[in-house]
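Visitor:
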Amino acid sequence: MMSERARIRVMINAEKLKSRVTEIHDSKKKLEQDLRKQANENREIDKKMNSLKPDLMQLRKLRDQYLV
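Sequential numbering from 2 applies to the sequence shown in this note's numbering.
1. Nearest-angstrom Cα distance between residue 20 and residue 28?
2. What residue does the alpha helix (DSSP H) around residue 28 start on, and which one ends it?
3. Between residue 25 and residue 36, what straight-line distance do the alpha-carbon atoms span, to the nearest angstrom?
4. Given this structure, state the Cα-to-Cα distance separating residue 17 from residue 50, to the nearest angstrom.
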């Protein structure tokens, strides 16, 4: 049979563990949000870079004309 003191320690440890699990879960949610935000920002940057490619090719052609 468990002593009252041991029972209290177990209950305190259980509460600490629950609290830690909640912290970890919240942290995971925040990291997932941050990851989604970063992925969206990266997609936007890729779109901008792709939209600049035609201009870049045109400028290269122009440069090459003057280098010949």
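The beta-carbon is built from N, C-alpha and C at its ideal position, and this holds for glycine as well.
Guide: Working from what's here:
1. Numbered from 1 along the sequence shown, position 19 holds the residue referred to as residue 20. Numbered from 1 along the sequence shown, position 27 holds the residue referred to as residue 28. About 12 Å.
2. As a first step, residue 28 is located in the sequence shown; it is residue number 27 there, counting from the start. First-last of the alpha helix (DSSP H) with residue 28: 5-68.
3. If you number the sequence shown from 1, residue 25 lands on position 24. If you number the sequence shown from 1, residue 36 lands on position 35. So the alpha carbons of these two residues sit roughly 16 Å apart.
4. Position 16 of the sequence shown, counting from 1, holds the residue named residue 17. Position 49 of the sequence shown, counting from 1, holds the residue named residue 50. Looking at the two C-alpha atoms, the distance is approximately 49 Å.
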